[in-house]
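**Q**
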Amino acid sequence: MHWLGWLVDLRRQLGRAVRWTAGPREVEEHLWVYTLPIVLPFFQMIGFINRLNNSLLLPLLRGVLRRLGFSNVLLFAYTPHCGGLIGRLQERLSVYECVDEFAAVRGLVYAPTLAALEREVLAAAGLTIVTHAHLLARRQALAQRICVVPNGADLDHFAAAGEPAAPVAAAVAALPRPVIGFHGWIQYWVDFDLIAHAARCHPEWSFALVGPVEPLARVDKVRGLSNVHFLGRHSYEDMPSVVAGFDVCINPFVLNELADAVSPIKLYEYLASGKPVVSVDMPAAHEFRDLIPLTRTPEQFVAALEQLLAPAANGSRAAQAAARKQAVAGYSWAARFAQMEAQVEPLLAAGQPV
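If you're matching positions, the sequence shown starts at 162 in this note's numbering and goes up one per residue.
Set out below in structure tokens:
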């Protein structure tokens, strides 16, 4: 299965190579996107290959910066693979944003290599931002400066899903009600044991799984269940109409080290819609425990769904929806940017490259 994942990644890399030939493109005023070309595989397993990739990409990045006339560079790194770029682009400040426990990721990954690469990035970056306290605990002693800024969500975008007259995506509207829904990347971290158990307990429920299915996802566990529906990838613009058709939204992470460190964007999106939500008992969901049931077993998962779908649960629906939306009122991307800006600006004002 890991090799299937590599083949899928190879397809993506070939797509990157095609986009690279187009050069940098301006997606809106003052915002440019540049897709780097194909990189050598196994860079998450062998440190030498990762360093070689960095060396190959560095002159390309320097060339693009010159071409666009960038001279006041702030480098943001989002993976532990780019330590060889930090300090080599004449940046005023380098920031590493750590959003996952990368060493716990499955696939063509060798955890000791990733851990070593991340130590290099943590030591080199002038500021490290992590999205969860679990990530902070393991990196605090290694980083120059570090802070926590959780993920956010496009609150207004998903609030539209909770409007009474919200349109419903055709693929979801065609399913028998009630619809238990999930949207996102369908990967190995989706707990298909939970979904399979619930689908067998309640064959009258429809389970809508919206998003691209990756090779490592254990979809075999729901094979043959006629009430589990894979609806494929939908555009981000269509997501409110997708969520509008869900009677209950689910956050079914496999409970493991990866889930312990995640700041789950989809959970914040669900809450922003005001829709009822059932989540597994992961640390990032604890602050919402008064608004959403948190479950640790398939039996608890089904019981929570039954409770939310019961007629008695609908009595104060409007008030419950308002409470869910209010719970994530501070989770907008604008608020998250302001938090990051408050960390970055003093370092830039100091005038020393870091």
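Backbone N, C-alpha and C fix where the C-beta goes; we use that ideal spot for every residue, glycine too.
Please read all numbers here as calculations on a predicted model, not as lab measurements.
Going residue by residue through the stretch 308-347, where are the continuous alpha helix (DSSP H) segments of at least 4 residues, counting only ones entirely within it?
**A** 316-320, 331-334
**Q** Restricting to Cα atoms, I'd like to know which of VAL409, ARG267, LEU377, ARG280 is closest to GLY208.
**A** ARG280
**Q** Give every residue of the same chain whose Cβ lies closer than 7 Å to the Cβ of GLY323, excluding the five residues on either side of it in the sequence, and list them in chain order.
**A** Correct list, in chain order: SER434, GLY435, LYS436, ALA482.
**Q** In whole angstroms, what is the alpha-carbon distance linking PHE343 and GLU258?
**A** Each residue's alpha carbon lies about 26 Å from the other.
**Q** Could you compute how far the alpha carbon of LEU336 sits from the alpha carbon of SER367?
**A** 7 Å
**Q** I'd like to confirm the pairing. Which residues does DSSP put opposite ARG186 in its beta bridges?
**A** VAL194
**Q** What first and last residue would you give for the beta strand (DSSP E) that runs through TYR257?
**A** 254-259
**Q** Would you kindly report the start and end of the unbroken beta strand (DSSP E) that includes VAL380?
**A** VAL380 -> no beta strand (DSSP E), and no H or E assigned at all.
**Q** Evaluate the contact criterion for the stretch 209-223 versus the stretch 261-271: three or more CB pairs, one atom per stretch, below 8 Å.
**A** no
**Q** Which term fits HIS447, buried or exposed, when burial requires 16 or more other beta carbons within 10 angstroms of its beta carbon?
**A** Label assigned to HIS447: exposed.
**Q** If you follow the beta strand (DSSP E) that ASN412 is in, where does it begin and where does it stop?
**A** 409-412
**Q** Let's see if you can read the secondary structure: which residues bound the alpha helix (DSSP H) around ALA369?
**A** Where ALA369 is concerned, there is no enclosing alpha helix (DSSP H), although the beta strand (DSSP E) it sits in stretches over 367-371.
**Q** Specify the secondary structure class of ALA238 as computed by DSSP and reduced to three states.
**A** strand
**Q** Let me check understanding here. Comparing Cα to Cα, which of ARG497, ALA465, ALA285, GLU460 lies closest to ASP354?
**A** GLU460
**Q** Whole angstroms are fine: how far does the CA of SER424 sit from the CA of PRO328?
**A** Here the C-alpha atom of PRO328 lies approximately 29 Å from the C-alpha atom of SER424.
**Q** In the structure shown, what three-state DSSP assignment does SER434 receive?
**A** Helix.
**Q** Per DSSP, what are the beta-bridge partners of SER493 in this structure?
**A** ALA314
**Q** Quick check on the burial criterion: 16 or more other C-beta atoms within 10 angstroms. Buried or exposed for HIS191?
**A** exposed
**Q** Does DSSP put VAL439 in a helix, in a strand, or in coil?
**A** strand
**Q** Does DSSP put GLY287 in a helix, in a strand, or in coil?
**A** Three-state DSSP puts GLY287 in coil, outside helix and strand.
**Q** Less than 8 Å between the beta carbons of HIS395 and ALA465, yes or no?
**A** Taking 8 Å as the Cβ cut-off, HIS395 and ALA465 do not qualify as a contacting pair.
**Q** Quick check on the DSSP output: the beta strand (DSSP E) that includes PHE391 runs from which residue to which?
**A** 389-393
**Q** Report the rounded CA-to-CA distance for GLN305 versus ILE453, giving the unit in angstroms.
**A** CA-CA distance, GLN305 to ILE453, rounds to 37 Å.
**Q** What residue from PRO472, GLN487, ASP442, PHE204 has the CA that sits closest to ALA272's CA?
**A** PHE204
**Q** Looking at the unbroken alpha helix (DSSP H) that takes in PRO220, where does it start and where does it end?
**A** 208-229
**Q** Apply the 10 Å Cβ neighbour rule to VAL188 and answer buried if 16 or more other Cβ atoms are within range, or exposed otherwise.
**A** Around the beta carbon of VAL188, fewer than 16 other beta carbons sit within 10 angstroms, so the residue counts as exposed.
**Q** Tell me whether the beta-carbon of VAL439 lies closer than 8 Å to the beta-carbon of LEU469.
**A** yes
**Q** Report, in whole angstroms, the separation of the C-beta atoms of VAL516 and ALA277, which I expect to be a contact under 8 Å.
**A** This structure cannot settle anything about residue 516, because the visible part of the chain is limited to 162 through 515.
**Q** I need the boundaries of the alpha helix (DSSP H) containing ARG243, first residue and last residue.
**A** The amino acid occupying residue 243 in the given sequence is Cys; Arg does not appear at that position. First-last for CYS243: undefined, no H or E at that position.
**Q** Return the CA-CA distance between PHE231 and MET501, expressed in angstroms with no decimal places.
**A** Note on geometry: alpha-carbon atoms of PHE231 and MET501 lie some 21 Å from one another.
**Q** Would ALA503 be called buried (16 or more neighbouring beta carbons within 10 Å of its own) or exposed?
**A** exposed
**Q** Is the stretch 367-376 in contact with the stretch 284-298, if contact means three or more CB pairs nearer than 8 Å?
**A** no
**Q** What separation, rounded to the nearest whole angstrom, lies between the Cα atoms of TRP193 and GLY385?
**A** 46 Å
**Q** Three or more C-beta pairs closer than 8 Å, one from the stretch 297-317 and one from the stretch 370-383: is that the case here?
**A** In short, these stretches do not touch, since the Cβ pair count stays below three.
**Q** Applying the criterion that 16 or more other CB atoms from any shown protein chain within 10 Å of the CB defines a buried residue, is ARG457 buried or exposed?
**A** exposed
**Q** Tell me the rounded alpha-carbon separation between PRO413 and LEU455.
**A** C-alpha separation (whole angstroms): 10 Å.
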